[in-house]
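*Asks:* Got a structure for you, written out below as structure tokens; questions coming shortly.
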Amino acid sequence: MDRIEKSLDISIYPPDVQGIGEFDGGRITEIKPLGFPGEGLTVPHTGPLFYWAWATAKGYGKIGLHPHRAFEIMSYALKGEIGHYDTMGNRSRVKAGGAQVMQTGSGVSHEEETVGEHNELFQIWFEPDLKETVRQTPTYAEFRHEDFPVEVRDGVTLKHVIGNGAPVSLVAEAAMQDILMASSQEYRRELAANRTLAMVVIHGEGALSDEADSEQHQLAPRYFAVVHAGKNGSVAIHAKEAGPLRLAMIEVPAEVDYALYRERHPTY
446 MDRIEKSLDI SIYPPDVQGI GEFDGGRITE IKPLGFPGEG LTVPHTGPLF YWAWATAKGY
506 GKIGLHPHRA FEIMSYALKG EIGHYDTMGN RSRVKAGGAQ VMQTGSGVSH EEETVGEHNE
566 LFQIWFEPDL KETVRQTPTY AEFRHEDFPV EVRDGVTLKH VIGNGAPVSL VAEAAMQDIL
626 MASSQEYRRE LAANRTLAMV VIHGEGALSD EADSEQHQLA PRYFAVVHAG KNGSVAIHAK
686 EAGPLRLAMI EVPAEVDYAL YRERHPTY
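Here the sequence shown is numbered in the working numbering, starting from 446 and rising by one per residue.
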């Protein structure tokens, strides 16, 4: 009997296989669902999604002034409050649910700090066409939780962070949602060929499956899941009865046609 090719390839990475790091003498610690090249997991088909870290700090912590160029970098606050200062003169703080976005262009230096008693944040890097963005003037923008559009459907709350009417605008092609699912609810999403969904479980437990396949992949806090569509398919996420289940999900093209990207991915 011929083997039936699955439309979706699903990979699950529990926290014990993810990268780790720390700053400020260990005051700020992080796990890295998607680390820098040669650091932590090697995850295929993540296109312009370049780096994803989950940082935690109890009390005040600081990452001193350091430079960036060309990449688009978003810090998304999960708990507490995070601060930012940069050499463009921007100084700000955002609380849980807010975001700080730098398009680092021709170059900017910034420093970061955690302010609340318990702080958690994502820092996510997107890779635009670096040969183009390195010529652009760097920018900074900040957003409160209230600035992001939210929709509720059948017990599932979708907060659109990038794309779908969200105020964050990037050069890199990406869409991001912060998703909260009530107990025993299900979220379905279609995925076109050569697209990738990457997701991190913030809290709760559930299961992830290809709707064309009966196999279920278990989800738990800090799990990282990557769904790559070789051809058009549909994914289902189920929240367990003990719910709720909260996760952050990013959709990107599986590969991108940038010169520097092709140099690092010679099989593309």
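The beta carbon of each residue, even a glycine, is placed where N, CA and C say it ideally should be.
No experiment lies behind these values; they were computed from the predicted model shown.
1. Can you tell me where the alpha helix (DSSP H) holding residue 676 begins and where it ends?
2. Pull up the CB-CB distance for residue 572 and residue 516, whole angstroms please, since I reckon it's below 8 Å.
3. Rounded to whole angstroms, what's the CA-CA distance from residue 622 to residue 470? Just pull it up for me.
4. Assuming the contact rule is C-beta atoms closer than 8 Å, residue 514 and residue 527 should be a hit. Round their C-beta distance to whole Å, please.
5. Of all the options 580, 586 and 552, which has the alpha carbon lying nearest to the alpha carbon of residue 546?
6. Out of curiosity, what's the CA-to-CA distance linking residue 626 and residue 475?
7. Based on Cα-Cα distance, which residue from 557, 490, 645 and 461 lies nearest to residue 763?
8. Can you tell me whether residue 573 is helix, strand or coil according to DSSP?
9. Just how far apart, CA to CA, sit residue 668 and residue 675?
10. Can you grab the Cα-Cα spacing for the pair residue 551 / residue 543, in whole Å?
11. Could you round the C-beta distance between residue 680 and residue 666 to whole angstroms and report it? I think they count as a contact, below 8 Å.
12. So, for residue 698: in the same chain, excluding its five sequence neighbours on each side, which residues have a beta-carbon less than 8 Å away from its beta-carbon?
13. I need the straight-line Cα distance from residue 523 to residue 701, nearest angstrom please.
14. In chain order, what residues of the same chain lie with their CB nearer than 7 Å to the CB of residue 601, ignoring the 5 residues before and after it?
15. Determine the closest residue to residue 561 out of 579, 652 and 525, with distance taken between C-alpha atoms.
16. Please determine, among 472, 473 and 495, the residue with the shortest C-alpha to C-alpha distance to residue 483.
17. Quick check: residue 403 and residue 500, are their CB atoms within less than 8 Å of each other?
18. According to DSSP, is residue 599 helix, strand or coil?
19. What three-state label does DSSP hand residue 464 in the structure shown?
20. Check each candidate in 478, 498, 456 and 462 and name the one with the smallest Cα separation from residue 468.
21. Measure how close the beta-carbons of residue 651 and residue 683 come, nearest whole angstrom, since I'm counting them as under 8 Å.
22. Cβ of residue 610 within 8 Å of Cβ of residue 594?
23. Does DSSP put residue 480 in a helix, in a strand, or in coil?
24. What is the DSSP secondary structure of residue 591, reduced to helix, strand or coil?
25. Can you tell me the Cβ-Cβ gap for residue 613 and residue 578, rounded? I've got them flagged as a contact below 8 Å.
*Replies:* So, from the data block:
1. Careful: residue 676 lies outside any alpha helix (DSSP H) and carries neither H nor E.
2. 6 Å
3. 32 Å
4. In fact, because the Cβ distance is near 22 Å, the residues do not count as touching under 8 Å.
5. Residue 546 has its Cα closest to that of 586, out of 580, 586 and 552.
6. Approximately 25 Å, taken between the alpha carbons.
7. Outside the modelled stretch of the chain, which goes from 446 to 713, sits residue 763, for which no answer is possible.
8. coil
9. In a straight line, the C-alpha of residue 668 is about 23 Å away from that of residue 675.
10. 25 Å
11. About 20 Å separates the two Cβ atoms, so there is no contact after all.
12. 492, 493, 618, 639, 640 and 641
13. Residue 523 and residue 701 have their C-alpha atoms roughly 29 Å apart.
14. 624, 626, 630 and 632
15. 525
16. 495
17. Missing from the structure shown is residue 403; the chain here goes from 446 to 713 and no further.
18. Judged by DSSP in its simplified three-state form, residue 599 adopts coil rather than helix or strand.
19. strand
20. 498
21. 5 Å
22. With respect to residue 594, residue 610 sits close: the two C-beta atoms are nearer than 8 Å.
23. coil
24. helix
25. So it is not a contact: roughly 16 Å between Cβ atoms.
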